[in-house]
Amino acid sequence: MLDLRVKLITSKLLGKIDLGSASRYITTLVHAHIPGPMDAWREFPVPVRDVLFDIFTRRFAFTRPEDLPRARIVWESTAQTNLRKSMWEARDKAMKTTGNRDPMAWLDYGPVWLRRVLGSYSGN
Numbered sequence: 001m002l003d004l005r006v007k008l009i010t011s012k013l014l015g016k017i018d019l020g021s022a023s024r025y026i027t028t029l030v031h032a033h034i035p036g037p038m039d040a041w042r043e044f045p046v047p048v049r050d051v052l053f054d055i056f057t058r059r060f061a062f063t064r065p066e067d068l069p070r071a072r073i074v075w076e077s078t079a080q081t082n083l084r085k086s087m088w089e090a091r092d093k094a095m096k097t098t099g100n101r102d103p104m105a106w107l108d109y110g111p112v113w114l115r116r117v118l119g120s121y122s123g124n
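First residue of the sequence shown: 1, per the UniProt record's numbering; consecutive thereafter.
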């Protein structure tokens, strides 16, 4: 469903956006700018979301200003979905690596982007 919405937006543009590349870039932006420990996309402060969308639109330029509101909706949905998937993957990998279901045992086994965030809040 999400891909269909992105295709609807991009089909009206002069150039096409590679959906896989755009989705990976969104994930990279979210991982690089995660403001601290959080459980969901809705916990990202709106000003951070605004800056990340602005960075995204500098790389994936939209030629018509009227496409931006719909692009923002799809961008938000993609960021939310990708963060949720990243968090699930990190949890599953840490659980398998440690053999422990206790989240406190996973702190040293998360992906680099998550360890950086957790380390800065745990006094490391």
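We put the CB at the ideal spot given by N, CA and C, even for glycine.
Which term fits residue i, buried or exposed, when burial requires 16 or more other beta carbons within 10 angstroms of its beta carbon?
i	result
SER23	buried
ILE73	exposed
VAL46	exposed
TRP106	buried
VAL51	exposed
ASN82	buried
ALA32	exposed
Taking the alpha-carbon positions, what's the residue i to residue j distance?
i	j	result
ILE39	ASP67	One detail in the question is off: residue 39 reads as Asp in this sequence, not Ile. When rounded, the distance between both Cα atoms is 30 Å.
ARG49	TRP113	17 Å
ARG42	GLN80	8 Å
PRO111	GLY20	21 Å
GLY99	LYS93	10 Å
Once you ignore the five residues that flank residue i on each side, which residues in its own chain have a CB closer than 8 Å to its CB?
i	result
MET95	ARG101, TRP106
TRP75	ILE26, PHE53, PHE56
ARG84	ALA40, TRP41
Given residue i, which residues of its chain have a CB within under 7 Å of its CB, disregarding the five upstream and five downstream residues?
i	result
LEU14	Reliability fails at LEU14, whose pLDDT of 43 lies under 50, so the model's placement of it is uncertain and no value is given.
LEU29	LEU52, ILE55, PHE56
Within its chain, find whatever has a CB closer than 6 Å to the CB of residue i; leave out the 5 residues flanking it on each side and keep chain order.
i	result
ARG91	none
PHE44	none
### Message
Quick check on the DSSP output: what are the complete alpha helix (DSSP H) runs of length 4 or more inside the stretch 32-64, in order along the chain?
### Response
If only complete runs of 4 or more residues are kept, the stretch 32-64 shows the alpha helix (DSSP H) at 46-59, in order along the chain.
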